[in-house]
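Participant: So the sequences go chain by chain: Z and A. Here the numbering used here runs 436 ahead of the position in the first sequence, where the first position is 1. Here the numbering used here runs 436 ahead of the position in the second sequence, where the first position is 1. Backbone N, C-alpha and C fix where the C-beta goes; we use that ideal spot for every residue, glycine too.
Number of protein chains: 2
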Amino acid sequence: MTRESARDRRELVSMTAGDPPVHPPADDEEARFLAAYDLAAFPRPSVTVDVALLTIVDGSFHAALVRRDEQPAMGRWALPGGFVRLDESLEDAVARVLRDKTGLHDVYTAQLATFGAVDRDPRGRIITVAYFALVPADRLAAELAAGARATLARLEVDEEGGSPGPVRAVGSAGPLPLAFDHASILGQAIGRLRGRLWYAPDAFALVPNEFTLLDLQGTYEAILGGRVDKNSFRRRILASGLVAPVGRRREGLRSRPAELFRFRPADAT
Amino acid sequence: MTRESARDRRELVSMTAGDPPVHPPADDEEARFLAAYDLAAFPRPSVTVDVALLTIVDGSFHAALVRRDEQPAMGRWALPGGFVRLDESLEDAVARVLRDKTGLHDVYTAQLATFGAVDRDPRGRIITVAYFALVPADRLAAELAAGARATLARLEVDEEGGSPGPVRAVGSAGPLPLAFDHASILGQAIGRLRGRLWYAPDAFALVPNEFTLLDLQGTYEAILGGRVDKNSFRRRILASGLVAPVGRRREGLRSRPAELFRFRPADAT
DNA sequence: AAAATAGTGTCTATGAGACACTATAGT
DNA sequence: ACTATAGTGTCTCATAGACACTATTTT
C-alpha cells in the first residue's frame with residue numbers, strides 16, 4: 437500500500453465559530469452617518485493571530501515553532517503568528533500565517549482564546565487571538581522540512597492543578613526558549629484539547645487519512661497523558677459511528693494485520 | 437428570612453483565561469529596538485468587548501440589552517459593549533462596560549469567543565471579544581432598574597442542529613431587534629453554557645447565595661432546555677461536593693420547607 | 001384532613017474499566 | 001513453532017434515569 441501524502445480536503449473543515457451574520461441594510465440616515473464616521477478617532481490596539489500548530493510524535497505533543505530573527509524576543513521561539521490585516525477575517529489570517537510560516541494549507545483549526553494582558557508584548561498593546569491547529573505527524577514533518585522556516589519541538593507539559601501550565605519546548609539541539617506568553621498559550625491549547633477530546637473530532641485530525649484503531653488509541657493516550665483501556669476504547673469509537681472501515685488491512689508488519697478505518701464526519705449519511 | 441441583595445464577593449471570581457505571563461526583561465539591544473518601534477506602522481483594527489449578560493427568569497434565558505441611540509444600528513438593541521482602551525486588559529474592559537452600561541459590579545464572567553468577520557460592523561473593521569456574564573435574576577432586575585440604561589429581554593432560542601442558532605429577544609412591549617451579530621453571539625453563549633454546565637460552576641452564578649436543590653435544578657433545566665430527574669440530580673450535586681448545607685430551611689411557603697445550600701468552590705477545604 | 005412541595009428507596013439500563021483470552025499475520 | 005500485535009468475552013462497578021413512595025409543612 438502506498439503512503440497517501442495528499443489528504444482528503446473535505447475532512448479538513450475548520451471547526452472555528454462561524455462568522456455568518458451580517459448587519460441589516462443601512463437606511464439613509466445610517467448611510468450618511470457611516471460616510472462621515474472615523475473609526476480612528478478611538479485608540480486602537482494591534483491584533484495578531486497566533487497558532488499553536490500541534491502534532492503527536494512518539495506519544496508526546498510537538499509544536500511547530502518559528503525562530504524570531506528580529507526584535508523583540510530575538511532568538512527566542514514563537515508560535516507562527518502575525519498581524520491581522522484589515523481586509524481578512526481571523527480565519528483568513530490564520531490560514532495565511534500557516535501558509536507563510538510553515539508552508540501548510542488546509543489545516544484543521546479551532547479558535548482557542550484571546551489574550552489581552554496589557555503587558556503581554558513589549559512592543560505595546562497587542563491583543564492576540566490564539567488558535568490551535570492539528571496535523572498528522574508525518575504530514576507536518578514532511579511539509580515543514582520543505583519550508584524550513586519552522587522547526588518541530590517536543591513539548592514538556594507540567595500539570596498545574598488538573599490542567600497544563602506553561603510548557604517547555606525541546607528541540608533536537610536542546611531547550612528552545614519561548615517568546616512572549618507562548619508557553620502559556622501552548623499549555624492552554626493542550627488543556628482545551630483534553631477537555632474537548634471526547635466531544636470533538638480533534639483526534640482524527642492528528643491521524644493519517646487511514647488509521648488503525650490502535651493508532652487512534654495512541655493519539656487519545658498522548659492527548660490525555662495516560663493509558664486508555666483497549667476494549668473500552670474500541671467499543672466507544674465503534675459505537676460513535678464516527679469511523680468507517682476502509683475494507684483493507686495494514687499488512688507487511690511482523691504480526692497480525694490491523695483493520696484500517698477512515699474518519700466519517702457526523703453529518704454524513 | 438430577609439432577602440440578601442449583596443452577594444458574597446469571593447464567589448464571583450472571573451473564570452476567564454488568565455493573562456499571567458510577562459515577557460522576560462529586555463536586554464540592551466531589545467531596549468534600543470523597542471524605543472524606536474512604531475506599532476502604528478501596521479494597520480490596526482478596532483477592538484471591542486461585548487458581554488452577553490444572562491440570567492434565568494421563569495425558566496428561560498433573559499439578557500440585558502442596551503438600546504442604541506446613536507448610529508449605526510440606531511434603535512436596535514445591543515449587548516453591553518465598548519471599545520477596549522489601550523491601558524486596560526480585556527477583563528478590565530468587560531468590568532468597565534458592565535459598570536457603565538448596567539451598573540453591575542463583581543459579576544461572574546468568562547470569555548466566549550472572538551468574532552472577526554470583516555463585515556460584521558458597518559463602521560469598518562471591528563473585532564469583538566465576546567464574554568458571557570451570569571447574574572441571579574433578582575439581583576439583575578434590581579440593579580438594572582436603578583441604572584435604567586439597559587432592559588431585560590426574554591430570549592427565544594431555536595435549536596439548529598443540536599446547538600442554538602441566533603436568538604430572538606422579546607421585551608415587555610414586544611420583539612426587540614438585535615444589532616450587528618449579537619443574536620448569533622447570544623446563541624453561542626447559550627450553547628457554550630450548555631456544553632460546560634456539568635463541568636463549570638456556571639449554574640451557581642445564576643442562583644442566589646442561598647438556594648434549595650430544586651432552585652438549582654430549575655436553573656439546570658432552564659439552561660439545558662429540558663427536564664432533569666430529581667433524584668438523579670440531587671445525587672450528582674451532593675456527590676460533587678460543590679454544595680454545603682447552610683443549616684437552615686426556607687420556611688413560610690405553603691408546603692414542607694426545603695433545605696438551603698450554599699456554593700462551596702472546589703478549592704475550599 | 002387536604003394540598004403542596006421536599007426528599008428517598010429501589011430497580012433497571014448503560015457504559016466504562018479490568019483483564020484474560022483467542023486470532024492471525026510474519027519469521 | 002514462536003513472536004508480536006490485533007481483536008474479543010465477560011465480569012464488575014459506577015452512575016444515570018424512571019418512578020413510586022414517604023415526609024413535613026401550611027391552610
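Between D523/A and V554/Z, is the Cβ-Cβ spacing less than 8 Å?
Facilitator: Numbered from 1 along the second sequence, position 87 holds the residue referred to as residue 523/A. Numbered from 1 along the first sequence, position 118 holds the residue referred to as residue 554/Z. Yes, the pair counts as a contact, with Cβ atoms nearer than the cut-off.
Participant: Report the rounded CA-to-CA distance for R698/A versus A615/A, giving the unit in angstroms.
Facilitator: The count along the second sequence starts at 1 and reaches residue 698/A at position 262. The count along the second sequence starts at 1 and reaches residue 615/A at position 179. When rounded, the distance between both Cα atoms is 38 Å.
Participant: If we cut at 8 Å on Cβ distances, does E595/Z have a partner in chain A?
Facilitator: Counted from its first residue, the first sequence places residue 595/Z at position 159. No, no contact with chain A.
Participant: Identify every residue that forms a DSSP beta bridge with V565/Z.
Facilitator: Numbered from 1 along the first sequence, position 129 holds the residue referred to as residue 565/Z. Answer is V485/Z, T550/Z, bridged to V565/Z.
Participant: Output yes or no for whether 8 Å exceeds the beta carbon distance between T538/Z and A488/Z.
Facilitator: Here residue 538/Z refers to the residue found at position 102 of the first sequence. Here residue 488/Z refers to the residue found at position 52 of the first sequence. No, the pair does not count as a contact, with Cβ atoms beyond the cut-off.
Participant: Between which residues of its own chain and A549/A is the CB-CB distance below 7 Å, once the five residues before and five after are set aside?
Facilitator: Along the second sequence, read from residue 1 onward, the residue named residue 549/A stands at position 113. Correct list, in chain order: A566, Q624.
Participant: Along the segment 545 to 565 of chain Z, where does the CB come closer than 8 Å to a CB of chain A? Name the residues.
Facilitator: Listed in sequence order: Q547, A549, T550, F551, G552, A553, V554, D555, R556, D557, P558, R559, G560, R561, I562, I563, V565.
Participant: Please tell me whether F469/A has its Cβ less than 8 Å away from any Cβ of chain Z.
Facilitator: Translated into the one-based positions of the second sequence, residue 469/A becomes position 33. Yes, contact with chain Z.
Participant: Candidates V502/A, E506/A, V664/A, D703/A: which alpha carbon is nearest R468/Z's?
Facilitator: By one-based count along the first sequence, residue 468/Z stands at place 32. Ranking V502/A, E506/A, V664/A, D703/A by Cα distance to R468/Z puts E506/A first.
Participant: For A509/Z, tell me which candidate among F497/Z, R630/Z, D617/Z, Q653/Z has the shortest Cα-Cα distance.
Facilitator: The count along the first sequence starts at 1 and reaches residue 509/Z at position 73. The residue with the shortest Cα to Cα distance from A509/Z is D617/Z.
Participant: What is the C-beta distance between A573/Z and V483/Z, in whole angstroms, given that I count them as a contact (C-beta under 8 Å)?
Facilitator: In the first sequence, counting from the first residue as 1, residue 573/Z sits at position 137. In the first sequence, counting from the first residue as 1, residue 483/Z sits at position 47. Actually they are not in contact, since the Cβ atoms of A573/Z and V483/Z sit about 31 Å apart, beyond 8 Å.
Participant: Starting from the C-beta of E695/Z, find all residues in its chain whose C-beta is less than 7 Å away, skip the five residues before and the five after it, and write them out in chain order.
Facilitator: To locate residue 695/Z, count along the first sequence from 1; it is residue 259. Excluding residues within five positions, the ones whose Cβ falls inside 7 Å are T648, P681, R685.
Participant: Assuming the contact rule is C-beta atoms closer than 8 Å, R630/A and L660/A should be a hit. Round their C-beta distance to whole Å, please.
Facilitator: Translated into the one-based positions of the second sequence, residue 630/A becomes position 194. Translated into the one-based positions of the second sequence, residue 660/A becomes position 224. About 6 Å separates the two Cβ atoms, so the contact holds.
Participant: Would you please verify whether the beta carbon of F478/A is less than 8 Å from any beta carbon of chain Z?
Facilitator: To locate residue 478/A, count along the second sequence from 1; it is residue 42. Yes, F478/A lies at the interface with chain Z (some Cβ there is under 8 Å from its Cβ).
Participant: Against chain A, with Cβ distances strictly below 8 Å, would L522/Z count as a contact?
Facilitator: Counting from 1 along the first sequence, the entry for residue 522/Z is found at position 86. Yes, because at least one Cβ of chain A sits closer than 8 Å to the Cβ of L522/Z.
Participant: Are the C-beta atoms of P481/Z and some chain A residue less than 8 Å apart?
Facilitator: Residue numbering aside, residue 481/Z sits at position 45 when the first sequence is read from its first letter. Yes, P481/Z lies at the interface with chain A (some Cβ there is under 8 Å from its Cβ).
Participant: Between G607/A and the rest of its own chain, which residues show a CB-CB distance below 7 Å, the 5 nearest in sequence each way excluded?
Facilitator: Here residue 607/A refers to the residue found at position 171 when the second sequence is read from its first residue. These residues qualify, in order along the chain: T587, A589.
Participant: Quick check on T648/A: does DSSP put it in helix, strand or coil?
Facilitator: Position 212 of the second sequence, counted from the first residue, corresponds to residue 648/A. Coil at T648/A, not helix or strand.
Participant: Which one of D486/A, D638/A, A546/A has the shortest CA to CA distance from A720/A?
Facilitator: Look at the range of chain A in this structure, 437 to 705, and you will see that residue 720/A is not part of it.
Participant: What whole-angstrom Cβ distance do R592/Z and V603/Z have, given they're in contact under 8 Å?
Facilitator: The sequence position of residue 592/Z within the first sequence is 156, counting from 1. The sequence position of residue 603/Z within the first sequence is 167, counting from 1. Note on identity: in this sequence residue 592/Z is Glu, with Arg being the wrong assignment. Contact flag correct, Cβ pair sits at about 6 Å.
Participant: Hey, A569/Z and L622/Z: beta-carbon distance below 8 Å or not?
Facilitator: Translated into positions along the first sequence, residue 569/Z becomes position 133. Translated into positions along the first sequence, residue 622/Z becomes position 186. No; because the gap between Cβ atoms is not below 8 Å, this pair is not in contact.
Participant: What is the rounded straight-line gap between the Cα of V679/A and the Cα of I673/A?
Facilitator: Position 243 of the second sequence, counted from the first residue, corresponds to residue 679/A. Position 237 of the second sequence, counted from the first residue, corresponds to residue 673/A. Computed Cα separation, rounded: 7 Å.
Participant: Helix or strand or just coil, what does DSSP make of Y656/A?
Facilitator: To locate residue 656/A, count along the second sequence from 1; it is residue 220. The answer is helix: DSSP assigns Y656/A an H, G or I state.
Participant: Are the CB atoms of P613/A and F563/A within a distance shorter than 8 Å?
Facilitator: By 1-based counting over the second sequence, the position of residue 563/A is 127. By 1-based counting over the second sequence, the position of residue 613/A is 177. Note on identity: in this sequence residue 563/A is Ile, with Phe being the wrong assignment. No, the Cβ-Cβ distance between I563/A and P613/A is not below 8 Å.
Participant: Within the same chain, show all residues whose beta-carbon is closer than 8 Å to that of G518/A, passing over the 5 residues directly before and after it, in chain order.
Facilitator: Taking the first residue of the second sequence as 1, we reach residue 518/A at position 82. Only T484, V485, A529, R532, V533, D536, K537 meet the Cβ criterion.
Participant: Whose C-beta lies closer than 7 Å to the C-beta of G627/Z among residues of the same chain, with five residues either side of it excluded?
Facilitator: The sequence position of residue 627/Z within the first sequence is 191, counting from 1. If we look at G627/Z and ignore the five residues flanking it on each side, its Cβ neighbours are S599, P600.
Participant: How many Å lie between L576/Z and R521/Z at the Cα?
Facilitator: Within the first sequence, numbered from 1, the residue matching residue 576/Z stands at position 140. Within the first sequence, numbered from 1, the residue matching residue 521/Z stands at position 85. Distance between the alpha carbons of L576/Z and R521/Z: 26 Å.
Participant: If contacts are defined as beta-carbon pairs under 8 Å, then R559/Z and L470/A qualify, I think. What distance do you get, rounded to the angstrom?
Facilitator: Locating residue 559/Z in the first sequence gives position 123, where the first residue counts as 1. Locating residue 470/A in the second sequence gives position 34, where the first residue counts as 1. Indeed they touch by this definition, with Cβ atoms about 6 Å apart.
Participant: According to DSSP, simplified to helix, strand and coil, what is E695/A?
Facilitator: Taking the second sequence and counting its residues from 1, one reaches residue 695/A at position 259. E695/A falls in the strand class under three-state DSSP.
Participant: Check whether chain A comes within 8 Å of E646/Z, counting only Cβ atoms and requiring the distance to be less than that.
Facilitator: Within the first sequence, numbered from 1, the residue matching residue 646/Z stands at position 210. It does not; no Cβ of chain A falls within 8 Å.
Participant: Return the chain-ordered ranges of every alpha helix (DSSP H) run that is complete within the segment 470 to 548 of chain Z and spans a minimum of 4 residues.
Facilitator: Segments of the alpha helix (DSSP H) lying fully in the segment 470 to 548 of chain Z: 526 to 538.
Participant: Check L716/A in the structure and name its three-state DSSP category.
Facilitator: Because chain A is modelled from 437 through 705, residue 716/A falls outside the range shown and cannot be assessed.
Participant: DSSP state of S620/Z, grouped into three classes?
Facilitator: Working through the first sequence from its first residue, we reach residue 620/Z at position 184. DSSP places S620/Z in helix when its eight states are reduced to three.
Participant: Would you report the Cα separation of P611/Z and A578/A, rounded to the nearest angstrom?
Facilitator: The count along the first sequence starts at 1 and reaches residue 611/Z at position 175. The count along the second sequence starts at 1 and reaches residue 578/A at position 142. In a straight line, the C-alpha of P611/Z is about 55 Å away from that of A578/A.
Participant: By a C-beta neighbour count over all protein chains shown, 10 Å radius and 16 as the cutoff for buried, is A476/A buried or exposed?
Facilitator: Residue 476/A sits at position 40 when you count from the first residue of the second sequence. Exposed, by the Cβ-count rule.
Participant: In the DSSP output, which residue or residues are listed as bridge partners for E595/Z?
Facilitator: Here residue 595/Z is taken as the residue at index 159 of the first sequence, counted from 1. Looking at the DSSP assignment, E595/Z forms a beta bridge with P600/Z.
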